[in-house]
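Protein chains: 2
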Amino acid sequence: MNLTPLVQSFVLHFGEMGSRWGINRTVGQIYALLFVSARPLNADEIAEALAFSRSNVSMGLKELESWRLVRLLHQPGDRREYFSAPEDVWAIFRTLAEERRKREVDPTLTMLRDALLVQPDNEPDRHAQKRMASMHELIELSTSWFADVQKLDERTLRQLMKLGSAAQKLLLMKDSLKPAATRNKKAIEP
Amino acid sequence: MNLTPLVQSFVLHFGEMGSRWGINRTVGQIYALLFVSARPLNADEIAEALAFSRSNVSMGLKELESWRLVRLLHQPGDRREYFSAPEDVWAIFRTLAEERRKREVDPTLTMLRDALLVQPDNEPDRHAQKRMASMHELIELSTSWFADVQKLDERTLRQLMKLGSAAQKLLLMKDSLKPAATRNKKAIEP
DNA sequence: TATACTTTTCAGGAATTCCTGAACGTTGAC
DNA sequence: GTCAACGTTCAGGAATTCCTGAAAAGTATA
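Chain order of the listed sequences is A and B. Note that the first sequence covers residues 550 to 739 in our numbering. Note that the second sequence covers residues 550 to 739 in our numbering.
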């Protein structure tokens, strides 16, 4: 199994990008390969295509499975495990976002909430808590909004994005339904 | 300069989180410390508080400056450089998003565009290109939308987020202004 | 149950990243 | 100009992460 230059460059790029994130080069490349592959691949094919050891591929696939980014399937009459990346890029994006939330955002929110429960007994802590509160609010608000928006189906989401902010702003201009409550809340907050 | 337990746990958490991203522990901790600090700090204070070498702090601060996450300032009658994190968490978020776009998204888009220009001469490449095209579209659409939304001021953004998706969906129901164009485009695309 | 095929685990070497102290560079005060 | 205070650079050791081959474990077939 030989990679075409086109696929090669895609795979290499994702290897690089992977290492900018927590993900290592191997895992990035494996995912990239599965993403562009026209059919599911087994571990041996991947190992050969990318020139990684069989065990490295095995670990990489496990990692990808833990991120729910690959699907495991079987071919009739073949004992080997085949892997593929889901088709729908929007679904992939959703999975990625969800998984990152679980691993990064939620623990951070927990830490912040705990920190905010402490009764500060000195000036530095009082200030630190104010900062943490503002961070907590931002994260809370944006993740819950994101979760909400992600429930929309692809077509609706696409439309919303294409509309951009201009039309959405119009929605607020009316200043009729919800905004009143919003404004009141805002007025109470310091 | 001694950290209170409250600040300590915040700083340590960000050190950990930092290493999940490309950012290393040191840089994460320095940023966290500056974020909760009530006043700007100089490099020596940071080095002492976190028990890092002076040179390590120097490199960390340089990294943070390259991300535009810290502000450099001077105290009257003091030759040393003082650093602080901007107050406004929304602005911080914006900066972070912009910087990540520059470093990760833009190069990826460039790579994808280049790949899409190639005239594929075999089946695997034809399929790979289709996959890359769908990825390209998703990234293009979501980043341009994000850039657009980020131009809104904090108050408006807050309101929009609080409305959630429900109200935004209403906007589309009307199916009057733009959606026609959107639907046509969609119909043309395979 | 034995066999062949497949996947997983893991010790340890390779590669990379991190961090430090020492040397060097720069700047302002005297 | 000299000196002290401060910032930066960088070689190389420390720590971490990555990757591999060998061995073990698992599994379908006969």
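No residue lacks a Cβ here, since even glycine has one placed at the ideal position from N, Cα and C.
- Leu583(A) sits in a helix when the DSSP states are folded into three classes.
- Within the stretch 574-608 of chain A, the residues whose Cβ lies closer than 7 Å to some Cβ of chain B are Phe584, Val585, Ala587, listed in chain order.
- The Cβ atoms of Pro673(A) and Val556(B) lie closer than 9 Å to each other.
- Apart from sequence neighbours up to five positions away, the residues of its chain that approach Ile595(A) with a beta-carbon distance below 7 Å are Ile579, Leu582, Val606, ordered along the chain.
- For Thr644(B), the closest C-alpha among the options Asp627(B), Pro669(B), Leu613(B), Met660(B) is that of Leu613(B).
- Proximity of Pro635(A) to chain B, defined by a Cβ-Cβ separation below 9 Å, is not satisfied.
- Rounded to the nearest whole angstrom, the CA to CA distance from Phe584(A) to Met660(B) is 15 Å.
- Setting aside the 5 residues that flank it on each side, Leu610(A) is surrounded in the same chain by Ile579, Ala592, Val619, Phe632, each with a C-beta closer than 7 Å to its C-beta; the list follows chain order.
- Straight-line measurement puts the Cα of Trp570(B) at about 13 Å from the Cα of Glu565(A).
- Taking 9 Å as the cut-off, the Cβ atoms of Ser586(A) and Ala634(A) count as close.
- In the three-state reduction of the DSSP assignment, Arg574(A) falls in the helix class.
- Rounded to whole angstroms, the Cβ separation of Ala598(B) and Leu552(B) is 6 Å, and the two are in contact under 8 Å.
- With respect to chain A, the C-beta atom of Phe632(B) has no partner C-beta closer than 9 Å.
- The closest CA to that of Leu687(B), considering only Thr575(B), Pro589(B), Arg662(B), Arg574(B), is found on Arg662(B).
- Around Gln717(B), the same chain offers no residue with a beta carbon nearer than 7 Å, after the five sequence neighbours per side are excluded.
- DSSP places Glu636(B) in the coil class of the three-state scheme, outside both helix and strand.
- CA-CA distance, Gly567(A) to Ser615(A), rounds to 16 Å.
- Note on geometry: alpha-carbon atoms of Met608(A) and Phe559(A) lie some 21 Å from one another.
- If you draw a 10 Å sphere on the C-beta of His685(A), you find 16 or more other C-beta atoms in it, and that means buried.
- Spanning the alpha carbons of Leu561(A) and Val654(B) requires a straight line of approximately 15 Å.
- The stretch 634-715 of chain A is shown to contain whole alpha helix (DSSP H) runs of 4 or more residues at 638-649, 655-666, 672-699, in chain order.
- For Arg569(B), the enclosing alpha helix (DSSP H) covers residues 554-569.
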